[in-house]
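Q: In terms of the working numbering, the sequence shown is residues 266 to 515. Structure in structure tokens, see below.
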Amino acid sequence: GQGEHILWVENSFHTVAVELMGHSDTKFHLSDVQYRASYAVPAVSEPVQGRQLHTQPSDKRGDAKDNVNVASIRVHSLGARLPFSGIPDMVDVGDAVHAFMVADPGKSAPFTERMQLAERVLFNWNVNQLAPKDLLAASDRLAEFVMRNFESATIRKECPIFGNVDGQRTHGRIDVLIETRRGLAILDHKTFPGSYDQWIARAASYAPQLSIYADLACKATGLPLLGLLVHLPIIGVVADVTNVGSQRVS
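See below:
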């Protein structure tokens with residue numbers, strides 16, 4: 266239809282994810298799994314002259330070298346940095362951490378089951394510089410942060426979203442959509458391991474991307490925005506970049 270709408274697709278996300286990771290020769294690709302929910306807003310019918318018709322929110326990342334008002338970023342400490350033994354490939358680390366964050370059922374599952382899941386993820390990405398127990402710790406710390414800050418929240422992982430941004434059709438996936446009766450928060454996992462002066466600017470550079478996700482989700486649901494959050498599990502922080510920047514959704 267032409268009106269705003271929400272499309273819900275209920276599936277056993279965790280089961281699919283675990284089955285994919287059960288094969289040692291198969292990496293867990295997020296595009297291969299089914300999703301719990303999908304948000305959609307009206308798509309533009311005609312392209313804007315001089316612009317490409319399709320775009321992705323991830324294309325809207327800012328420049329980490331730009332001057333950033335650090336005072337506008339609220340930093341929530343989750344705990345100590347996760348230790349590395351050796352020098353890992355950070356692309357593989359990022360993929361492994363992201364995959365575990367998606368598939369982890371949390372403390373409601375037996376510890377041994379979660380450890381086996383973490384071991385399979387690290388093995389499949391050939392990441393042996395990070396301990397399985399540290400993946401569990403990162404996931405638990407984030408879950409505790411969400412519980413403290415978002416009462417009775419519904420968590421939706423890898424939530425696809427579609428819509429129209431300034432005359433362009435856009436689509437992407439929200440790492441974590443936090444939904445409460447008061448509103449929505451958008452959270453993105455980033456495994457950048459740099460020093461404070463590096464990661465604070467890097468976190469801020471993702472604000473335009475998260476802002477697009479937020480505007481689309483808020484427009485689709487009618488709920489207000491509670492926050493734009495960058496989760497840095499390696500460093501052990503969540504950076505609130507809500508006040509860094511915004512993007513208009515038409």
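All C-beta atoms in this analysis are idealised placements derived from N, C-alpha and C, irrespective of residue type, glycine included. Predicted model only: the values in this text are computed from it and were never measured.
Our contact map puts residue 370 next to residue 383 with C-beta atoms below 8 Å; I'd like the distance itself, whole angstroms only.
A: In the sequence shown, counting from the first residue as 1, residue 370 sits at position 105. In the sequence shown, counting from the first residue as 1, residue 383 sits at position 118. With a Cβ gap of about 12 Å, residue 370 and residue 383 do not count as contacting.
Q: Look up residue 468 in the DSSP assignment and say whether it is helix, strand or coil.
A: Position 203 of the sequence shown, counting from 1, holds the residue named residue 468. Residue state, collapsed to three classes: helix.
Q: Relative to the alpha-carbon of residue 376, which residue among 367, 387, 364 and 400 has its alpha-carbon at the smallest distance?
A: Taking the sequence shown and counting its residues from 1, one reaches residue 376 at position 111. Of the candidates 367, 387, 364 and 400, the one whose C-alpha sits nearest the C-alpha of residue 376 is 400.
Q: When burial is assigned at 16 or more other CB atoms within 10 Å of the CB, is residue 274 buried or exposed?
A: Sequence index remark: in the sequence shown, residue 274 carries index 9 (1-based). Bear in mind that the predicted position of residue 274 carries a pLDDT of just 32, short of 50, making it unreliable; the figure below should be weighed with that in mind. With fewer than 16 Cβ atoms within 10 Å of its Cβ, residue 274 is classed as exposed.
Q: Are three or more beta carbon pairs between the region 454-464 and the region 359-368 nearer than 8 Å?
A: yes
Q: What are the boundary residues of the alpha helix (DSSP H) that residue 404 is part of?
A: Position 139 of the sequence shown, counted from the start, is the residue given in the question as residue 404. That run of the alpha helix (DSSP H) goes 397-414.
Q: Which residues bound the beta strand (DSSP E) around residue 388?
A: Counting from one through the sequence shown, the residue named residue 388 turns up at place 123. No beta strand (DSSP E) contains residue 388, which is instead part of the alpha helix (DSSP H) from 376-389.
Q: Please classify residue 427: does DSSP put it in a helix, a strand, or coil?
A: Position 162 of the sequence shown, counted from the first residue, corresponds to residue 427. The three-state secondary structure of residue 427, taken from DSSP, is strand.
Q: From residue 374 to residue 467, what distance separates their C-alpha atoms?
A: As a working mapping, residue 374 is identified with position 109 in the sequence shown. As a working mapping, residue 467 is identified with position 202 in the sequence shown. Going by the C-alpha atoms only, they are around 34 Å apart.
Q: Three-state secondary structure (DSSP) at residue 354?
A: On the sequence shown, position 89 is the one that residue 354 refers to. It is coil, neither helix nor strand.
Q: Could you have a look at residue 462 and say whether DSSP puts it in helix, strand or coil?
A: Within the sequence shown, numbered from 1, the residue matching residue 462 stands at position 197. Residue 462: helix per DSSP, three-state reduction.
Q: Nearest CA to the CA of residue 494: which residue from 366, 461 and 411?
A: Position 229 of the sequence shown holds residue 494. It is 411.
Q: State the DSSP-derived secondary structure class of residue 484, mapped to helix, strand or coil.
A: Position 219 of the sequence shown, counting from 1, holds the residue named residue 484. Helix at residue 484.
Q: Quick check on residue 392: does DSSP put it in helix, strand or coil?
A: Start at 1 with the first residue of the sequence shown, and residue 392 comes out as number 127. In the structure shown, residue 392 sits in coil (DSSP, three-state: anything other than H, G, I, E or B).
Q: Pick out whichever of 437, 502 and 394 has its Cα sitting closest to the Cα of residue 352.
A: For the purposes of this step, residue 352 is identified with residue 87 of the sequence shown, where counting begins at 1. The option with the nearest alpha carbon to residue 352 is 394.
Q: Would residue 426 and residue 439 qualify as a contact pair, given that the criterion is a beta-carbon distance under 7 Å?
A: Start at 1 with the first residue of the sequence shown, and residue 426 comes out as number 161. Start at 1 with the first residue of the sequence shown, and residue 439 comes out as number 174. Yes, the Cβ-Cβ distance between residue 426 and residue 439 is below 7 Å.
Q: By the three-class DSSP mapping on this structure, what secondary structure does residue 318 have?
A: The sequence position of residue 318 within the sequence shown is 53, counting from 1. Caution is warranted here: a pLDDT of 41 is assigned to residue 318, below 50, making its placement in the model unreliable, and no coordinate value can be reported.
Q: Can you tell me whether DSSP reads residue 441 as helix, strand or coil?
A: Translated into the one-based positions of the sequence shown, residue 441 becomes position 176. It is a strand residue.
Q: Roughly how many angstroms lie between the CA atoms of residue 343 and residue 408, to the nearest whole one?
A: Working through the sequence shown from its first residue, we reach residue 343 at position 78. Working through the sequence shown from its first residue, we reach residue 408 at position 143. So the two alpha carbons sit approximately 10 Å from each other.
Q: Does the beta-carbon distance from residue 449 to residue 496 come in below 7 Å?
A: Along the sequence shown, one-based indexing puts residue 449 at 184. Along the sequence shown, one-based indexing puts residue 496 at 231. Contact flag unset, no.
Q: So, does the CB of residue 353 fall closer than 7 Å to a CB anywhere in chain B?
A: The displayed structure is made up of one protein chain only, and chain B is not part of it.
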